[in-house]
Amino acid sequence: MDTITFQQYRIVPSGCMHRRGFGNLHIVGANAKNTLFSFCSTLAVYIYQADTIRLYRLLSTKDNLMGMAWFPLVCHSHYLAAVSMEGRLTLWHVDNEEIVFEAWLPTKKPPTSLEWSPHETSILKLAIACADKNIYVWSIDLESGSQDVKFLLNKSTEAAITVIRWNAQQKGMLAMGFENGSIGIHTAKEKNPFIITRDKKSKKMDLAITDMQWDTLSNIYLLVAYKDGHCALWEVTETSGNQLHTFDKQGSGTNAISWLPSAPGQFVTANARSGILKVWNVSQPQPLQHIRVRSSGIHSIALLNGQQLICAAVDGSVGVFHMIKQQLEWSSNPGHKETIFDVRYQPSDPNILATCSHDSSVRIWSVDTMECLHHLIGQEGVLYSLAWSPKQNYLIASASSLGSVYIWDIVQSTPIVQMKHHTDAIYRIAWNSKGLIAASSKDRSVTISNEKGELIKRYSLPGAAFGCDWCPCNDGVLAVGCMDNVVRVFSTHMPILTPIRILSAHQARVFHAVWYADSNQCLLATSSDDNTVRVWTWPATLEAEDAVIPYITLTGHSNFVRALVWHAAAQPLLLSGSWDATIRIWDVNARVCKLVVTDHLADVYGIACHPRSPLKFVSCSRDTTIRFWSLRSNPTSLKWLKVILTSTDLDQLEDACVAAGTISGIENMFALLKKSSTKEMLIQREDTVVENYLEQARRLYSGQVKTRRQSKTTRLNKEEHIIQAAYTYLKAGAIERYISCSNKLSNCRYCELMIEADHWAEALSVAPGVSFSYWQSLAGKYAEHLATKQSEQAIPYYLAAQNFESAIEMYRNRGQFEDAFVIAKAYPGAKTLQTQLEPPSHENDSRKHLYSSRASLAAKYIQDGEPVIAACCHLSVNQTEDAISSLIQGDQLELAYIVSIIYSKVDTSLVKRLCFKYECLGAFDMVLELLTLLNPLEEKYSVNSYSHAQSNFTIPLKVPLPEKDQLEIMLQQALTEEKHVDAVRMYLFLKDEIKGATLALNEISEHLSAPSINWNAILSFASVLGSYNVAPLPFKLRAKLLATMAYVGAFQAIDLRYSCHGANIEFPISEPQLLIQEGEYVQYRNSEKLKEVLARLEKTRSSWSLDLQSKIKDLQSNWTSPTETFEVVVPGSKLPSAGQSKYPMRSLFTGEIIHGPLVKLEDDVSAISLEDAIMWSRVNPFSPLSTGERIKVYL
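Sequential numbering of the sequence shown, starting at 1, is according to the UniProt record's numbering.
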């Protein structure tokens, strides 16, 4: 079997941690530079880039975490400490993904709070409060590399410590909050803390301090939150404490508190019972504002950039809320907060996925968006296994550690059947096409039940039963992995309760058993604690007395093997997951491991795929992630291309792309291409989006008026439903177009004075009495007033004032591109717009808004590694060329080809890229098929001439080359007529590459030396040189050719707006000239880089010509705002991987660790990222190692 790849293209983080009985104060945070923020799950820390909200790092030590803390000073902003429930202390260098220090607390009691000392020093100090009523200080000397953990206090405190906070303004002062409501103040002068006691007016537990924050502008003010819902401001010194203000008690309690730097004296509180943030000022006892942020309670908050709050919710989601804009700028999907043990695709739909977890819940997901569609809760115990009904796609069964099996109706989110046929944990359930449900249990039995929950059979075993699976060849045959190292196979069709086969070969307990069947064979794979996988051949007939079941042993895992799943290839592949945190892909017939995948950080428990999308896989792990993968091999890629080249039927193409595709949005893209319904899809056609918004508004309103009872605090109440409905109607164009007949505005002194007093509401209520035009002008002014505060409330007034452009621009600035698109569609020129096959003139302003809104959203998806969805954004407004560009930028060349064929916009460069790709894969017959699309004839020869120069090429050209004599005549004619590009090509066909290369390089040198460079001519020569076999050329000639190709490639990269790696280029063009060219490029992208280039230019001043002096002066005076780059973004290329941190490969270009897929170069040591390799190959076919070998990107 050919080489295969198994590429990670999506990670779904687990939900954030929320431990009952703990403060949960250290779950979210941001680094000192405010460039990164993070949150904790139970086993990992997820770190995001603050500007792009892209997952940057995933850190885990396989311990149960208590919390984490970023070092608070910029000098060490890359340090993050994580503390486990077992007392393990870990200091991470986040950028390098390295553990730089580790230690253990000298107590078995769990930590309760931690915080770094905020004072700059070479010795870092982390204070950790524990449940043993002590505070420990972990000291790290960065210079010497030494560390220790010591007691901070002479003796333990009387009450349990709930929170500790260092005073940033007074060195050595630490505030302690206690469970009894007291405050302790520790200073460097005193070993025993000074205790400030609060008046006891309620129960002990209600007095507990839940959070504290020092005023960042003062060294004496301490804000304290109590469990009973009170907050208080204290004036605290080393020897005294005085309560200055108390604030109204909040019935829902207070879990977290934070000062707001944007307004003096303001702070915000959150509680775990509602998703409402309350904004306060120390001058008033009541909250100034109630802001609903989430539909679930908020138990932890942290400040980001001074204006944003990171909010951790009880449902496991994390959000970034902008306090000034009052906008939830980003939110993760609610997810499992504990280990996920099983993952299963719905049999009838590869876009529906189910997971079950240690947190006692089942979640049903949309694969395209990873939105949680249904959350099934109520079954007690740890949920180990899932099984979908083979016939009814709304039914799913789950098995628990307490011996119960629930059958859920996911539409109603309720269990319709509850079975309790076992007395101990059920590890696996399986549901067959006859409606029988098998359950294997720790209670030494396997039960067979029907869909009504009635017990049909019970098989007793000598030990615990683990995995079970129904044979696809025979629904009555069930394989069970057992504690006594054997596999038992039962037949439910037989009356006996004993196994019909016992498969003995494993040396430890057998955990999972999975069947595979095709027309030729029936195989059974089993995983075991002996670290092996065994594959058994099942006989064609059960009656055969001499039927012996041989087995294949697959070894390589270093720990217990758990997950198993088959992939239906021409030769079957088997995937296995293990406690060694790896996934292995086995060629069963060859008995070899084809690939070891090391991206997971901990035990891999489940792997699944769907028969309709056999190249997509999903895995779950103890590291709490769900990861999606694409499996690729040469046969699958070639099979896909054959369909594309031979079919123009969209349905057939869609089936092929869905089967072979591995990223989101393919169904959406084909729905747009076929102009079919996109109502339930992520990106909708422009002619339906307004109607869908109106329907959403009607649902919001009608859904509320059906009930008189308000929802719970975790849901939207009546007023909020109606407000959301009103805003949705506004976006969809509900304001009537009205133009006042009066062109003259009257003035109202009352209104002007009320505006001056900032009483806009009163002014607007009186303004219609003057005239509608006057009211409209005030509405526009009020909108501008609100916009300066970044408030979304400006939108209705912009629309009322018919300032649609400002409304659209405001939504775009807030990142709400879909809302901007809807307004652009619903308002400007809506009565005259018509859906057209081709986009109308770009001079139409309303169309420009539609295009720009969709383009902004597409750019976001491109950067998130979702090129197909980005293309859908462009297709939704008939921007075909932009859609093709997005697909090429994401290296989805086949999909780009499909779109270009449908719209008759096949581009030569796209065909050449496909030729290059399939030439790398050795599919020369496919390349020849593609070459028929090229014109003129010479291009057909040029693109594939390198392949024909190879001795192993035997496929005949569809347009055969002329005979040698004819080629020599054509060469002489080209030289006579000074058609030097044709001459270089003829030298290639004659295999006289030394003369051809010499001629081409001489011509290129002449062009480069000319006052005005003819880049078209240079690129023509470079295109032909790219087909030369450079390796056999003489050393000096080869070196000059490779240097020239690198130089020309650099300018092609600039033209394509690729990212730039490396700066010091040595080349026989003067250094100042090279620096000028580099400076002209970076001035559009990076001001710091421009400064470096100018500094290096200064060192060459003595060689400056007058022309150079003029250009340098322009560079020094002009700094142009950065423009968008168009580098290739491969799906999954930026995702964190355990394998890359354990076994890092650094890029030859940047020296940084490569995240995502990489390309090894011909020395088998050097590597570059797949993205960089693709971009390099598009401008230079030769390897960056300058060996003369061609770069091999797609192997």
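Ideal Cβ positions, reconstructed from N, Cα and C, are used throughout, including at glycine.
Grouping DSSP H, G and I as helix and E and B as strand, with all else coil, what is residue i?
i	result
Gln790	coil
Thr1044	helix
Cys16	coil
Pro867	helix
Pro462	coil
Phe101	strand
Ala479	strand
Gly467	strand
Gln170	coil
Ile683	coil
Gln327	strand
Phe916	helix
Tyr531	The sequence shown places Asn at residue 531, not Tyr. Three-state result, Asn531: coil.
Phe1149	coil
Ser841	Legend: pLDDT at Ser841 = 45, less than 50; position of this residue unreliable, no value from coordinates given.
Pro1181	coil
Lys155	coil
Gln834	Note that Gln834 scores 35 on pLDDT, short of 50, meaning its location in the model is unreliable and no value can be drawn from it.
His422	coil
Taking the C-alpha atoms as reference points, what is the distance between residue i and residue j?
i	j	result
Asp758	Val293	27 Å
Trp214	Met173	11 Å
Thr553	Thr532	7 Å
Met1145	Ser218	48 Å
Leu624	Asn192	According to the sequence displayed, residue 624 carries Thr and not Leu. The straight-line gap from Cα to Cα measures roughly 41 Å.
Leu595	Asn559	17 Å
Arg1178	Lys848	31 Å
Ile456	Ser440	14 Å
Leu89	Leu55	24 Å
Lys979	Lys995	15 Å
Gln418	Ser433	20 Å
Val618	His874	29 Å
Glu762	Cys751	8 Å
Asp469	Cys372	28 Å
Gln834	Ile902	Because Gln834 carries a pLDDT of 35, less than 50, the predicted location of this residue cannot be relied on, and no value is offered for it.
Gly229	Gly297	15 Å
His422	Gly335	29 Å
Asn878	Gln326	34 Å
To which residues of the same chain is residue i closer than 6 Å at the C-beta, ignoring the five residues directly before and after it?
i	result
Cys473	Ala517, Cys522
Ser806	Tyr798
Phe37	Ala30, Tyr48, Ala50, Leu304, Ile310
Arg10	Phe628
residue 1198	Residue 1198 lies beyond the range of the chain shown here (1 to 1195); nothing can be said about it.
Thr61	Thr90
Does the beta-carbon distance from residue i to residue j come in below 8 Å?
i	j	result
Gln8	Leu1135	yes
Val1193	Cys920	yes
Asp359	Glu338	yes
Tyr226	Thr210	yes
Leu503	Val480	no
Asn24	Ser300	yes
Trp566	Ser576	no
Gly665	Glu866	yes
Ile429	Ala387	yes
Grab me the residues of residue i's own chain with a C-beta within less than 7 Å of its C-beta, minus the 5 sequence neighbours each way, in chain order.
i	result
Thr492	Leu436, Ile448, Lys457, Gly476, Leu478
Check your understanding: Per the contact definition of three or more C-beta pairs closer than 8 Å, is the segment 349-362 in contact with the segment 602-617?
Key -> yes
Exercise for review: Could you tell me whether the segment 1155-1164 touches the segment 1022-1034, using the rule of 3 or more Cβ pairs below 8 Å?
Suggested key: no
Review point. Would the segment 106-113 and the segment 129-147 be scored as touching if the rule is three or more Cβ pairs under 8 Å?
Key: yes
Practice item. Say whether the segment 964-974 touches the segment 1003-1013, bearing in mind that this needs 3 or more beta-carbon pairs closer than 8 Å, one atom from each stretch. Key: no
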